[in-house]
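Every letter in the sequence shown is one number past the one before it in the numbering used here, and letter 162, counting from 1, is 163.
Here a beta-carbon is modelled for each residue, glycine too, at the ideal position from N, C-alpha and C.
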Amino acid sequence: MKEELKKVLVVDDSEIDREILKSILGSKFDIIEAVNGYYALEIILKNADQLDAILLDVSMPVLDGFSVLRLMRENYINNIPVFLITAEATKDNVERAAQFNVSEFIVKPFEREEIVRRLESKLGIVVKPSLMQTDIEETKKYILDFATLYKKYLVNFNEDVGHYMRMTGLMRILLNRYLAITPEVDLSADEMEIISNASFFCDVGDMMIPQRIKEKAQRQEDGGEAYQSHTVLGADFVRLNTSRHCEFFVQICSDMCAHHHERYDGNGFPHKVAGNNNSIYTQMCRVADQFDPLFTKYRDYTESQFKYVVGELEKDAGAFSPEILSLLSGCMSNIISYYHTKG
């Protein structure tokens with residue numbers, strides 16, 4: 002089954018800039034154009050549930066970019082990722098954008114690879130390369146070395162190493178189930194192992210957060226802005242590996258780091274990515290991260306305990322998609338067995 006392209010609205014009064022962006026993105030995204038903010042707003046109001054992202058020029062006649070953002074907010078449209086197009090991301094523009102929870106800028110002149118990478122990352126699009134044996138071997142070695150380093154940090158700061166190890170086990174179970182019910186998805190055993198192991202590092206950005214901030218975060222529901230930054234810091238840390246052999250792992254893992262606190266309703270952090278704009282693998286990572294502490298609380302590992310935990314996750318309306326909770330429920334017997342032997 003051919004995957005439907007994500008719909009991206011490009012709003013710019015410059016025909017040349019629109020043509021450049023179409024040439025950059027046209028083969029990967031379904032591009033819709035608007036020549037100014039007024040026509041863009043018409044499209045957004047009529048098709049908000051169909052748009053996956055908006056590339057919005059800041060300086061336009063009729064209705065500028067910030068006016069469009071203001072009217073979107075007044076119409077309660079706040080779950081579409083927006084990239085602001087500007088010649089310069091000035092301090093004033095950044096501060097004004099932050100008022101609308103927009104932190105993404107595309108600066109002219111456009112850089113083809115950077116725009117595609119950032120848009121794919123924002124929308125949770127996983128570009129699967131053809132992995133050669135050299136790629137697999139180097140990636141496995143890197144994961145082993147990375148895990149050795151990260152485990153030392155977790156132990157030294159009394160973090161629960163077992164939680165992250167169990168997450169990798171849950172990911173394997175969820176991936177197996179996902180492949181069984183989604184025949185159009187093709188993953189090799191090595192690719193599944195790489196994705197599973199990537200979840201182990203979802204909180205690696207914690208290493209860059211001072212201990213006092215982490216302790217304060219435990220007393221706050223959302224952790225506070227300073228703690229929330231561990232998502233972006235973790236993603237940036239993972240991307241320090243620039244080896245072409247590890248590209249698949251880096252893309253999967255950095256996305257998990259950045260977006261495993263996003264919610265299906267778009268009220269998570271750091272980017273308020275909503276719906277299935279978040280990668281399915283990152284959604285699995287999030288549900289595994291939330292499921293494990295609840296399921297290990299009493300360590301009975303029974304069917305009734307499993308159903309209770311799933312029920313608790315369902316109570317947080319908007320946190321997870323119905324599909325991801327259904328996927329989790331479909332793994333009940335395998336998960337219970339896993340916890341009895343490994344948990």
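- [ ] Determine the direct distance from the alpha carbon of leucine 70 to that of aspartate 13, and round the result to whole angstroms.
- [x] Locating residue 13 in the sequence shown gives position 12, counting from the first residue. Locating residue 70 in the sequence shown gives position 69, counting from the first residue. Cα to Cα, aspartate 13 sits roughly 14 Å from leucine 70.
Task: Spatial neighbours of histidine 101 in its chain, beta-carbon cut-off 7 Å, leaving aside the 5 residues before and after - done: Here residue 101 corresponds to residue number 100 of the sequence shown, with the count starting at 1. The residue you asked about is not histidine; residue 101 is phenylalanine in the sequence shown. Same-chain partners within the cutoff: Leu70, Arg74.
TODO: Apply the 10 Å Cβ neighbour rule to methionine 133 and answer buried if 16 or more other Cβ atoms are within range, or exposed otherwise.
DONE: Here residue 133 is taken as the residue at index 132 of the sequence shown, counted from 1. By the 10 Å Cβ count, methionine 133 comes out exposed.
Task: DSSP state of isoleucine 210 mapped onto helix, strand, coil - done: Along the sequence shown, read from residue 1 onward, the residue named residue 210 stands at position 209. Residue state, collapsed to three classes: coil.
Open item on the list: Considering just the uninterrupted stretch of the beta strand (DSSP E) at lysine 8, what are its terminal residues?
Closed with: Residue 8 sits at position 7 when you count from the first residue of the sequence shown. In the DSSP assignment, lysine 8 falls within the beta strand (DSSP E) that extends over 8-12.
- [ ] Identify the continuous beta strand (DSSP E) that holds leucine 56 and give its terminal residues.
- [x] To locate residue 56, count along the sequence shown from 1; it is residue 55. Leucine 56 -> beta strand (DSSP E) spans 54-58.
Open item on the list: Checking the sheet assignment: what are the DSSP bridge partners for histidine 17?
Closed with: In the sequence shown, counting from the first residue as 1, residue 17 sits at position 16. Before going on, a small fix: residue 17 reads as isoleucine here, not histidine. Isoleucine 17 pairs with nothing; no bridge assigned.
Task: Own chain residues within Cβ distance below 8 Å of asparagine 94, not counting five before or after - done: The sequence position of residue 94 within the sequence shown is 93, counting from 1. Excluding sequence neighbours, asparagine 94 sits near Val59, Leu85, Thr87, Phe106.
Open item on the list: If I measure Cβ to Cβ from aspartate 65 and keep anything under 7 Å in the same chain, skipping five residues before and after, which residues do I get?
Closed with: Translated into positions along the sequence shown, residue 65 becomes position 64. Taken in chain order, the residues that qualify are Gly38, Val59.
Open item on the list: Less than 8 Å between the C-beta atoms of leucine 295 and valine 310, yes or no?
Closed with: Here residue 295 corresponds to residue number 294 of the sequence shown, with the count starting at 1. Here residue 310 corresponds to residue number 309 of the sequence shown, with the count starting at 1. Valine 310 sits close to leucine 295, with the two beta carbons spaced by under 8 Å.
Task: Per-residue DSSP class, three states only, for aspartate 93 - done: Your numbering for residue 93 matches position 92 in the sequence shown. Aspartate 93: helix per DSSP, three-state reduction.
Open item on the list: Taking the beta carbon of glutamine 212 as the centre, do at least 16 other beta carbons fall within 10 Å, making it buried, or is it exposed?
Closed with: On the sequence shown, residue 212 is found 211 positions in, with the first residue counted as 1. Exposed, because fewer than 16 other Cβ atoms sit within 10 Å of the Cβ of glutamine 212.
Task: Range of the contiguous beta strand (DSSP E) that encloses isoleucine 33 - done: Position 32 of the sequence shown holds residue 33. Start and end: 31-35.
Task: Boundaries of the alpha helix (DSSP H) in which glutamate 194 is found, first to last residue - done: Here residue 194 refers to the residue found at position 193 when the sequence shown is read from its first residue. Its alpha helix (DSSP H) spans residues 190-199.
- [ ] Report back the beta-carbon spacing between alanine 320 and tyrosine 282 to the nearest angstrom; my notes put them in contact at under 8 Å.
- [x] The count along the sequence shown starts at 1 and reaches residue 320 at position 319. The count along the sequence shown starts at 1 and reaches residue 282 at position 281. Not really, about 17 Å apart at Cβ, beyond 8 Å.
Task: Spatial neighbours of alanine 236 in its chain, beta-carbon cut-off 6 Å, leaving aside the 5 residues before and after - done: Position 235 of the sequence shown, counting from 1, holds the residue named residue 236. Closer than 6 Å at the Cβ level, and outside the excluded window around alanine 236, lie Ser255, Cys258, Ala259.
TODO: Note down the Cα distance separating lysine 308 from threonine 297, rounded to an integer number of angstroms.
DONE: Along the sequence shown, one-based indexing puts residue 308 at 307. Along the sequence shown, one-based indexing puts residue 297 at 296. Straight-line Cα distance between these residues: approximately 13 Å.
Open item on the list: Classify glutamine 284: buried if its beta carbon has 16 or more other beta carbons within 10 angstroms, exposed otherwise.
Closed with: Residue mapping note: residue 284 aligns to position 283 of the sequence shown, counting from 1. That one is buried.
- [ ] Would you decide whether asparagine 157 is buried or exposed? Buried here means 16 or more other CB atoms lie within 10 Å of its CB.
- [x] On the sequence shown, position 156 is the one that residue 157 refers to. Answer is exposed; the Cβ neighbour count stays below 16.
Open item on the list: Measuring only the C-alpha atoms, how far is arginine 220 from glutamine 229?
Closed with: To locate residue 220, count along the sequence shown from 1; it is residue 219. To locate residue 229, count along the sequence shown from 1; it is residue 228. For arginine 220, the pLDDT reaches just 46, beneath the cut-off of 50, and the residue's location in the model is therefore unreliable, although a value from the coordinates is still provided. Rounded to the nearest angstrom, the two C-alpha atoms are 14 Å apart.
- [ ] Identify the continuous alpha helix (DSSP H) that holds isoleucine 86 and give its terminal residues.
- [x] Locating residue 86 in the sequence shown gives position 85, where the first residue counts as 1. Segment 83-87 is the beta strand (DSSP E) holding isoleucine 86; no alpha helix (DSSP H) there.
Task: CB contact flag (histidine 261, phenylalanine 270, <8 Å) - done: For the purposes of this step, residue 261 is identified with residue 260 of the sequence shown, where counting begins at 1. For the purposes of this step, residue 270 is identified with residue 269 of the sequence shown, where counting begins at 1. Their beta carbons are not under 8 Å apart, which means histidine 261 does not touch phenylalanine 270 by this criterion.
Task: Meets three-Cβ-pair contact criterion under 8 Å: the stretch 238-253 and the stretch 36-53 - done: No, the stretch 238-253 does not touch the stretch 36-53.
Task: Reference valine 162, options Val205, Ser189, Arg300, closest by Cα - done: In the sequence shown, the residue the question calls residue 162 occupies position 161. Answer by Cα proximity: Val205.
Open item on the list: Tell me the rounded alpha-carbon separation between lysine 47 and proline 62.
Closed with: In the sequence shown, counting from the first residue as 1, residue 47 sits at position 46. In the sequence shown, counting from the first residue as 1, residue 62 sits at position 61. Between lysine 47 and proline 62, the C-alpha separation is close to 22 Å.
- [ ] Look up valine 205 in the DSSP assignment and say whether it is helix, strand or coil.
- [x] The residue labelled residue 205 in the question sits at position 204 within the sequence shown. If DSSP states are grouped into helix, strand and coil, valine 205 belongs with the helices.
Task: Proximity of isoleucine 25 and valine 117 at Cβ, strictly below 8 Å - done: Locating residue 25 in the sequence shown gives position 24, counting from the first residue. Locating residue 117 in the sequence shown gives position 116, counting from the first residue. Yes, the Cβ-Cβ distance between isoleucine 25 and valine 117 is below 8 Å.
- [ ] Would you kindly work out how many angstroms separate the C-alpha atoms of tyrosine 151 and cysteine 203, rounded to a whole number?
- [x] As a position in the sequence shown, residue 151 is number 150, starting the count at 1. As a position in the sequence shown, residue 203 is number 202, starting the count at 1. About 11 Å.
Task: From Glu304, Arg19, Thr342, Asp293, residue whose alpha carbon lies closest to that of leucine 171 - done: Your numbering for residue 171 matches position 170 in the sequence shown. The option with the nearest alpha carbon to leucine 171 is Asp293.
Open item on the list: Would leucine 10 and alanine 49 qualify as a contact pair, given that the criterion is a beta-carbon distance under 8 Å?
Closed with: Position 9 of the sequence shown, counted from the first residue, corresponds to residue 10. Position 48 of the sequence shown, counted from the first residue, corresponds to residue 49. Going by C-beta atoms, leucine 10 is not nearer than 8 Å to alanine 49.
TODO: Leaving out five residues on either side along the sequence, give the residues of the same chain with a beta carbon under 6 Å from the beta carbon of histidine 164.
DONE: Translated into the one-based positions of the sequence shown, residue 164 becomes position 163. Contacts found: Asp293.
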